[in-house]
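**Student:** Line by line, the protein sequences give chains A and B. Quick note: the first sequence, position 70, residue 70 per the numbering used here, numbers continuous. So the numbering used here is basically just the index in the second sequence, starting at one, shifted up by 1000.
There are 2 protein chains.
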Amino acid sequence: MDKLHATEELILQSAMQVFIEKGRHGARMQEIADRAGINKALLHYYYRSKDNLYATVIEKSLGKNISDVMKILDKNLSVEEIIRSFIRDYIEILRNNPKLPLFILREIGEGGEIVSSVLNRLVQRKDIVPRKVLDTIQRAIDRGEIVPLDPRQLIITILGACLFFFIGEPLLKITLLKEGFTDRDRFIEERKEAIFNIIAYGIFPGGDRT
Amino acid sequence: MDKLHATEELILQSAMQVFIEKGRHGARMQEIADRAGINKALLHYYYRSKDNLYATVIEKSLGKNISDVMKILDKNLSVEEIIRSFIRDYIEILRNNPKLPLFILREIGEGGEIVSSVLNRLVQRKDIVPRKVLDTIQRAIDRGEIVPLDPRQLIITILGACLFFFIGEPLLKITLLKEGFTDRDRFIEERKEAIFNIIAYGIFPGGDRT
DNA sequence: TTTATATTTAACTGGATGGTTAAACTTAAT
DNA sequence: ATTAAGTTTAACCATCCAGTTAAATATAAA
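1) Name the chain B residues that come within less than 8 Å of A:F204, Cβ to Cβ?
2) Here's a check: name, in chain order, each residue in its chain whose Cβ is nearer than 7 Å to the Cβ of B:L1010, leaving out the five neighbours to either side.
3) Indicate whether at least one CB of chain A lies closer than 7 Å to the CB of B:P1151.
4) Please decide whether B:R1186 counts as near chain A, where near means a Cβ-Cβ distance under 7 Å.
5) Could you check which residue in A:G180, A:A194, A:I199, A:R121 has the C-alpha nearest to that of A:I156?
6) How many Å lie between B:P1151 and B:Q1138 at the Cα?
7) Should A:F19 be flagged as near chain B, meaning a C-beta pair shorter than 7 Å?
8) Taking three-plus beta-carbon pairs below 8 Å as touching, is the stretch 23 to 34 of chain A in contact with the stretch 64 to 78 of chain A?
9) Name the chain A residues that come within less than 9 Å of B:G1023, Cβ to Cβ?
10) Cβ atoms of B:K1132 and B:D1074: under 7 Å apart, would you say?
11) Please report whether the beta-carbon of A:T175 lies at a distance below 7 Å from any beta-carbon of chain B.
12) Taking C-beta to C-beta, are A:V217 and A:M16 nearer than 7 Å?
13) Is B:L1163 close to chain A, meaning its C-beta is less than 7 Å from at least one C-beta of that chain?
14) Taking only runs of the beta strand (DSSP E) that begin and end inside the stretch 1080 to 1115 of chain B, which ones reach a length of at least 3 residues, in chain order?
15) Could you compute how far the alpha carbon of B:M1029 sits from the alpha carbon of B:L1043?
16) Can you tell me which of the three DSSP states A:S49 falls into?
17) Going residue by residue through the stretch 1123 to 1172 of chain B, where are the continuous alpha helix (DSSP H) segments of at least 4 residues, counting only ones entirely within it?
18) Identify which residue in B:I1114, B:L1159, B:I1083 has its Cα closest to the Cα of B:Y1054.
19) Is there a Cβ of chain A sitting closer than 7 Å to that of B:V1129, yes or no?
20) Strictly below 7 Å CB to CB, what residues from chain B border A:V57?
21) Determine whether the Cβ of A:P98 lies closer than 7 Å to any Cβ atom of chain B.
22) Is the beta carbon of B:R1191 within less than 6 Å of some heavy atom of the ligand HEM?
23) Are the Cβ atoms of B:I1174 and A:V123 separated by less than 7 Å?
24) DSSP on A:I20, reduced to helix/strand/coil?
25) Quick check on DSSP: helix, strand or coil for A:G26?
26) Interface residues of chain B around A:E179 at Cβ under 8 Å?
27) Would B:F1181 be called buried (16 or more neighbouring beta carbons within 10 Å of its own) or exposed?
28) Under the three-state reduction of DSSP, which class applies to A:T210: helix, strand or coil?
29) Note the first and the last residue of the continuous alpha helix (DSSP H) segment covering A:K75.
30) Exposed or buried, which one is A:N96 when buried takes at least 16 other CB atoms within 10 Å?
31) When you compare the CB positions of B:L1177 and A:F164, do they come within less than 7 Å of one another, or not?
32) Report buried or exposed for A:E169, applying the criterion of at least 16 other Cβ atoms within 10 angstroms of its Cβ.
33) Would you identify the three-state DSSP class for A:L177, choosing helix, strand or coil?
34) Taking 7 Å as the CB-CB limit, is B:I1011 close to chain A?
35) Please identify the residue among A:T7, A:K192, A:A6, A:K60 whose C-alpha is closest to the C-alpha of A:R121.
36) Along chain A, which residues have their Cβ under 9 Å away from the Cβ of B:T1182?
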């Protein structure tokens, strides 16, 4: 990376960290500068304003997040393989960036002009509807390979199942996981299997549908 | 309600709204006062400081959230009935307070001293591990009524499945639900059935386990 | 009516923040 | 070596914010 973009990128990474930790209004430009090991004036040299920096961070992290999900979902595989690999790969991504999803959900949930224009720009720039996987699921339903259901309900359910451990972890640790939670990595690994098995086969053995 | 507590409660409700919308650092005391229809000095008369008000809001909303979940989970029912009623009731609660969970997850994810001490106080004050439902599930597993799995994995999966639509809605609306999402209430109702059926029976018909 | 408490007003304050500036310094390219 | 661009420093500034204050007013209770 050339020097010009190195500093720009360094600032962006530092800003992302601080915004993730402190939120948009809690983050301080001086702190971002300290984190990046530069002086504050340089933040403005490169990004002009706090809002601009924030918008760039939102755009970057959102783009990456959606891209991650789409990449995993849009594969030429059977539904079973898509679900299995999605759960496995997405949880791996979440394990490596546990704080990013909550940051994104939080900022988008909060709304505001900056977020809105980032979202609008994103939508204008490319189609982010996961059409392929929706079709794949629907075709599998038509062929009787999976039960009739709205593919979107299925995907939302899987997303939520994968995400929740990571976005709710501090709370889970004082409630559900307060006792006997000794190996986080193992629990996450088990999570991959557990989610897939529940989604695929449910929890009632050989159960009939009602 | 007596007058003394009416103002105190009014301030608290207004503060909760504003904190939910703007976050801790984005919320302004003047705005909270405006929302409550009082003058700003009265905020300090009743709650002494912004931090104190925030801590009270966190404690209140967290307490309610955990209480909601625990109340639904800790019933004397079969596993099937617990899951069915949990999904139904929890989604109803979420429908009526769509912004609260994300607020809580966000603030806890952000951490900080205030949140930590609220969490500590909460933990000291009472046991918030949902023991009963964990036992119920484990006993059903032992009896072969449901497949062997870690009860905590199951509960986390169900929580995530119920929550995600609500916390991720703005993002889902430009991605997965961009097209054909015309009746939100209907979608939410369908969600109850979809989640239950997926959890209970999975998506592969009469599927064998792997 | 008096007393006590709750509420308001309007102005103020100290500190923090995002942003700016000019000059100096450093680094990279020619 | 010179020039151009990137970076730093240190100070500054206007604005905003949480919090304060004294006095006045309103409301509730006795």
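Don't be surprised by glycine CBs; every beta carbon is placed ideally from N, CA and C.
**Tutor:** The relevant details are as follows:
1) E1080, E1145, I1146, V1147, A1200, Y1201
2) A1036
3) no
4) no
5) A:I199
6) 7 Å
7) no
8) no
9) G23, R24, H25, G26, R106, E110
10) yes
11) yes
12) The question about residue 217 of chain A has no answer here: the residues shown for chain A are numbered 1 through 210.
13) yes
14) none
15) 8 Å
16) coil
17) 1131 to 1142, 1151 to 1167
18) B:I1114
19) yes
20) Those within 7 Å of A:V57 in chain B number zero; the least Cβ separation is about 16 Å.
21) no
22) Annotation note on the ligand HEM: not contained in the displayed structure, which lists no ligands.
23) yes
24) helix
25) helix
26) V1129
27) exposed
28) The predicted model places A:T210 with a pLDDT of 46, which falls under 50 and marks its position as unreliable, so this point remains unresolved.
29) Where A:K75 is concerned, there is no enclosing alpha helix (DSSP H), given that its DSSP letter is neither H nor E.
30) exposed
31) no
32) buried
33) coil
34) no
35) A:K60
36) Under the 9 Å cutoff, chain A gives no residues; its nearest Cβ is about 13 Å from B:T1182.
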